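Asker: My questions will all concern the structure given below.
Laid out in structure tokens, this is it:
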């Protein structure tokens with residue numbers, strides 16, 4: 003599972019994003035990008 007987040011996103015902490023790891027038995031990776039919650043737009 004891959005999880006993506008914005009480095010300046012005040013809505014979700016790294017801890018909250020990493021908690022997605024609990025929902026898979028496969029590999030997990032967290033990717034952070036410059037920007038806020040809408041970093042992809």
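Numbering (the working numbering), first residue to last: 3 to 43. Ideal Cβ positions, reconstructed from N, Cα and C, are used throughout, including at glycine. Note that the coordinates shown come from a computational prediction; the quantities given were computed from them, not determined experimentally.
1) Is residue 12 close to chain C? Criterion is C-beta to C-beta, closer than 8 Å.
2) Could you compute how far the alpha carbon of residue 13 sits from the alpha carbon of residue 24?
3) Output needed for residue 4: all residues of its chain with C-beta closer than 6 Å, excluding positions within five of it in sequence on either side, in chain order.
4) Consult DSSP for residue 32 and reduce its assignment to one of helix, strand or coil.
5) Enumerate in chain order the residues of its own chain whose CB-to-CB distance from residue 39 is below 6 Å, with the five nearest sequence positions on each side excluded.
Answerer: Once the coordinates are examined:
1) The structure shown contains no chain C, having only a single protein chain.
2) Distance between the alpha carbons of residue 13 and residue 24: 20 Å.
3) Taking C-beta separations shorter than 6 Å and ignoring five residues to either side along the sequence, the partners of residue 4 in its chain run 31, following chain order.
4) Strand at residue 32.
5) A distance below 6 Å between beta-carbons, with the five flanking residues on each side excluded, links residue 39 to the following residues of its chain, in chain order: 8, 11, 13.
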